[in-house]
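Residues in the sequence shown are numbered from 1 upward in steps of one, following UniProt numbering.
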Amino acid sequence: MSETMNTNKKKQPLLNGRRAVPSNNSNDEENEVPEMEAFGLIPRGFNPKDYLQVVDVHMFKDPHEINKQQHHTDKYYSPKLIVRRGQSFQIQIDFNRPYKPETDKFWLEYLIGRYPQQNKGTYIPILVGDVLKPGEWGAKITHKENNSIRLSVMSSATCIVGKFRLYVAVWTPFGILRTQRNSATDTYILFNPWCQQDAVYLDDEQEREEYVLNDVGIVFHGNINDIKLRSWSYGQFEENILDACLFLMDKAELELSGRGNPIKICRVASAVINSRDDNGVVAGSWDNTYTYGVAPSAWTGSVDILLEYYSSKQPVRYGQCWVFAGVFNTFLRCLGIPARLVTNYSSAHDNNANLQLDFFLDDEGKVDTKLTKDSVWNYHCWNEAWMTRPDLPVGFGGWQVVDATPQETSDGMYRCGPASVQAIKHGHVCFQFDAPFVYAEVNSDIVYSRRDKNGAHVIEKIDQTHIGQLIVTKKVGSDEMMEITEEYKFQEGSEEERLALETAVMYGIKKQSTQDTMYEPQTDVDMEFQVQKAVLGSDFKVTITFRNKSRNYYTATTYLSGNIVFYTGVTKNEFKKHSFSAKLEPSASSTFDVVIKSSEYLSDLLDQASFHFFVTARINETGKILAMQKATVLEIPTLRIKTQGVMVAGKEMSVTVEFTNPLKQTLENVTLRLEGPGMLRTMKKEFRQIPMNSTLIWEVKFIPKRPGLRKLIASLNCDALRHVYGELNVQIQKP
1 MSETMNTNKK
11 KQPLLNGRRA
21 VPSNNSNDEE
31 NEVPEMEAFG
41 LIPRGFNPKD
51 YLQVVDVHMF
61 KDPHEINKQQ
71 HHTDKYYSPK
81 LIVRRGQSFQ
91 IQIDFNRPYK
101 PETDKFWLEY
111 LIGRYPQQNK
121 GTYIPILVGD
131 VLKPGEWGAK
141 ITHKENNSIR
151 LSVMSSATCI
161 VGKFRLYVAV
171 WTPFGILRTQ
181 RNSATDTYIL
191 FNPWCQQDAV
201 YLDDEQEREE
211 YVLNDVGIVF
221 HGNINDIKLR
231 SWSYGQFEEN
241 ILDACLFLMD
251 KAELELSGRG
261 NPIKICRVAS
271 AVINSRDDNG
281 VVAGSWDNTY
291 TYGVAPSAWT
301 GSVDILLEYY
311 SSKQPVRYGQ
321 CWVFAGVFNT
331 FLRCLGIPAR
341 LVTNYSSAHD
351 NNANLQLDFF
361 LDDEGKVDTK
371 LTKDSVWNYH
381 CWNEAWMTRP
391 DLPVGFGGWQ
401 VVDATPQETS
411 DGMYRCGPAS
421 VQAIKHGHVC
431 FQFDAPFVYA
441 EVNSDIVYSR
451 RDKNGAHVIE
461 KIDQTHIGQL
471 IVTKKVGSDE
481 MMEITEEYKF
491 QEGSEEERLA
501 LETAVMYGIK
511 KQSTQDTMYE
521 PQTDVDMEFQ
531 VQKAVLGSDF
541 KVTITFRNKS
551 RNYYTATTYL
561 SGNIVFYTGV
571 TKNEFKKHSF
581 SAKLEPSASS
591 TFDVVIKSSE
601 YLSDLLDQAS
611 FHFFVTARIN
621 ETGKILAMQK
631 ATVLEIPTLR
641 IKTQGVMVAG
651 KEMSVTVEFT
661 NPLKQTLENV
671 TLRLEGPGML
681 RTMKKEFRQI
691 PMNSTLIWEV
701 KFIPKRPGLR
711 KLIASLNCDA
721 LRHVYGELNV
731 QIQKP
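What follows is the structure, encoded as structure tokens:
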């Protein structure tokens, strides 16, 4: 014993004067538990074998056995027992002789971390009783046979979530005898959305199936006028993913005693999933250069990312918003917190949180990129997690926004949430955490202004409906889209919406008044423009329409600026400038076409094939300016996935991935990825070149492990072409 104590000394953290025990924030570390804990001097004739002895402990931990079936944990690829809190599970203890309750006394001990303490919930002794109280720690004997007893064990509905060590202790007159440390009896305890007393309780079985047990999902991307979708493999049940998720909480140094609280877990996870300020899981990159890493668009799911981080302990390169959200969703579902990935189209990134995105125009009506700091993301993905909020007034539980994409700091770290969706809708942004930032993401106005000759700011246009037009998530039980905009905001222009805004302003959201600046909206001429849907590599046109509602002849000096943008709305460069003079007849509409050639944009295209058009027009007779902006995305070709022959669990099957190069150039250094949760770990293949118009075919053979409906997801990636995906649903038959 003395030797082991010495080896531990090196690791011992320094105690500070305030704490008797060092902080207990690692699920991985353990303490030494004595097998014989003597009460005093032991008499010479004492023989432990004279007393009740534990021969074996059975955990019923196989996927088909009672515990994993009843606790909905049979899908986890783990040989250990995994149960959900606040619900009973069964174990069996074999003794060396029949158990005699009158004289024999034994109990169970569950321990977690290095410094177990009863008052912190990290040391839990459980005596055997006659009744189990729902949602409280306890155990009762359900069956006795020969030398064995069967126990039903109940965990607390608020207990710590993590990996516990189990010991069986037997009382003797001279001391306590314990079983040896045995990792086979380790027990993972998770959140329980099926238990009414759990903070994450969700009352709808179909929603639980989707938000906790579904290991694939859909990411909606593109933009408001052209919604695109792709599958993402969450893979929360894959081998070692549960351990990787528990490691994230160790990495974030979350006290073990706080790990029963979903609010705390979400808050620390939103910080640790991005690499900013804590060397977390995913390093973000938005600059289209992904040297020494994987382009964000190439990932097909979370598993590779989490396992790489778990083994290397270094940030995985690279991610953008849907990658952060995909990994976060895996983390939440893996621990048993109901979660969904949400996309907000036309999402405001308001740098000074004044509910206003300021776009400054120069004299010609062009956007001044030096002065304009705010940006509109074509879309932004975050997560919602389901939980009660006992820290807020009644009514703010339910879905909470959590966001791991590093945008702004919160309490000094890049993190966001949990913020109550209900509080955001009603403008109660005073409630923690980060509600003002999320409120601005879905509710800001776009203000176009320019300086006139004497330096005053003239507001040319205020667009109140562009931001947060559409908020969506995957529909329960299907791959369709479900709109949830109404969960976040009232109908545009309704009385309730005004009231929610006034409430938000009352609670301190800065909203600049437009009184101190000159603003006279343009009323007698309307302008609108449409961008033709186009496939990557082809020409398309932009059609601008003016409606002159007055009785006057007008001429409009019109300026179209086409920009290649990151999906965050930040411009890379302007590839098209076109100006013309439009003659506007009284009480009439006039349309003008501007052709965009593929040769103008192909060389500079970014990985999301995203364009942003600004059209500004000055009515020469009145000096008024009309301004409008729109994002558009090109159609990107898809991968075709086909299967051949029989698809039976345990038998080899064959899948081919096909792709035809649509560009007028050779694609170089192309990487293909293919994965199928519960069926196929990620496979990768590199191709040096794919000439224009030629077709690539890749065949993969593998053995699916389990029957059921599964999904194959593939991605293709190279510098000239990204965001190429394909997917296929496959029904694996029982053998």
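All residues carry an ideal CB built from backbone N, CA and C; glycine is no exception.
Cβ-based burial, residue i [other Cβ within 10 Å; buried from 16]
| i | result |
| --- | --- |
| Ala-269 | buried |
| Gly-251 | It is worth fixing the name first, because residue 251 is Lys in this sequence and not Gly. Under this definition Lys-251 is a buried residue. |
| Asp-287 | exposed |
| Gly-412 | exposed |
| His-143 | exposed |
| Gln-12 | Summary for Gln-12: the model assigns pLDDT 48, below 50, so the residue's position carries little reliability; its value from the coordinates is reported in the next sentence. Classification for Gln-12: exposed. |
| Gly-645 | exposed |
| Arg-551 | exposed |
| Asp-516 | The predicted model places Asp-516 with a pLDDT of 49, which falls under 50 and marks its position as unreliable; any figure quoted below should be read in that light. The residue in question, Asp-516, is exposed, as its Cβ has fewer than 16 Cβ neighbours within 10 Å. |
| Ala-500 | buried |
| Met-527 | buried |
| Lys-61 | buried |
| Ile-596 | buried |
| Pro-43 | exposed |
| Asn-717 | buried |
| Tyr-559 | buried |
| Lys-697 | One detail in the question is off: residue 697 reads as Ile in this sequence, not Lys. Classification of Ile-697: exposed, given that the 10 Å Cβ count is below 16. |
Nearest neighbour of residue i, chosen from the options [CA to CA]
| i | options | result |
| --- | --- | --- |
| Ile-273 | Ser-579, Phe-659, Ser-598 and Val-327 | Val-327 |
| Val-55 | Ser-148, Gln-644, Gln-118 and Tyr-414 | Ser-148 |
| Tyr-554 | Val-615, Lys-624, Ser-275 and Phe-611 | Lys-624 |
| Leu-728 | Asp-479, Ile-459, Thr-671 and Phe-529 | Asp-479 |
| Asp-278 | Phe-490, Pro-34, Ala-298 and Pro-315 | Pro-315 |
| Glu-675 | Gly-301, Val-438, Thr-643 and Asp-391 | Gly-301 |
| Val-394 | Ala-423, Ile-112 and Ala-385 | Ala-423 |
| Tyr-167 | Met-154, Val-131 and Ile-124 | Ile-124 |
| Pro-134 | Ile-141, Met-154, Lys-140 and Ile-459 | Met-154 |
| Gln-180 | Ser-297, Asn-31 and Lys-163 | Asn-31 |
| Ile-619 | Pro-677, Glu-460, Arg-681 and Glu-492 | Glu-460 |
| Gly-650 | Arg-706, Met-628 and Pro-677 | Arg-706 |
| Trp-171 | Glu-102, Ala-157 and Val-131 | Glu-102 |
Sheet register partners of residue i (DSSP bridge)
| i | result |
| --- | --- |
| Phe-106 | Val-170 |
| Ser-88 | Met-154 |
| Glu-675 | Ile-713 |
| Cys-718 | Leu-721 |
| Trp-386 | Trp-399 |
| residue 766 | This structure cannot speak to residue 766, because the chain is shown only from 1 to 735. |
| Thr-682 | Its beta-bridge partners do not exist; DSSP assigns none. |
| Leu-667 | Ile-690 |
| Phe-529 | Ile-544 |
| His-466 | Bridge partners of His-466: none, in fact. |
| Glu-658 | Arg-640 and Ile-697 |
| Ala-627 | Thr-616 |
| Glu-145 | Ser-148 |
Within 8 Å, strictly: CB atoms of residue i and residue j
| i | j | result |
| --- | --- | --- |
| Ile-713 | Met-647 | no |
| Val-303 | Tyr-318 | no |
| Leu-256 | Asn-25 | yes |
| Pro-63 | Asp-74 | yes |
| Cys-349 | Trp-377 | The sequence as given places His at residue 349; Cys does not occur at that position. In contact: His-349 and Trp-377 (Cβ atoms closer than 8 Å). |
| Ile-112 | Ile-176 | no |
| Ile-224 | Leu-536 | no |
| Phe-174 | Ala-38 | yes |
| Lys-489 | Val-442 | yes |
| Phe-220 | Val-282 | no |
| Val-472 | Glu-486 | no |
| Phe-702 | Met-653 | yes |
| Glu-210 | Gly-397 | no |
| Cys-334 | Cys-245 | yes |
Residue i: CB within 7 Å of a non-hydrogen atom of the ligand GTP
| i | result |
| --- | --- |
| Leu-306 | Looking for the ligand GTP in the displayed structure turns up nothing, as the structure carries no ligands at all. |
Query - 3-residue-minimum beta strand (DSSP E) runs that sit fully inside the stretch 569-625, ordered along the chain - result: You should have 571-584, 588-596 and 610-619.
Query raised in the report: Unbroken beta strand (DSSP E) runs of length 3 or more, entirely within the stretch 389-458: which are they?
Result: Here the runs fully enclosed are 398-402 and 445-451.
Report task. Counting only runs of 3+ residues fully inside the stretch 323-380, write out the beta strand (DSSP E) ranges in chain order. Result -> DSSP assignment within the stretch 323-380 yields the following whole beta strand (DSSP E) runs of 3 residues or more, N-terminal first: 339-349 and 356-361.
Query raised in the report: Considering only residues of the stretch 166-247, which uninterrupted alpha helix (DSSP H) runs meet the minimum length of 4 residues and lie entirely inside it, listed in chain order?
Result: You should have 205-208.
Query - Runs of beta strand (DSSP E) lying entirely within the stretch 273-309, each at least 3 residues, in chain order - result: Inside the stretch 273-309, DSSP marks whole beta strand (DSSP E) runs of 3 or more residues at positions 282-284, from first to last along the chain.
Report task. Can you check the stretch 44-75 for any alpha helix (DSSP H) of at least 4 residues that lies completely inside it and give the ranges in chain order? Result -> Unbroken alpha helix (DSSP H) runs of no fewer than 4 residues, entirely contained in the stretch 44-75, are found at 66-70, following chain order.
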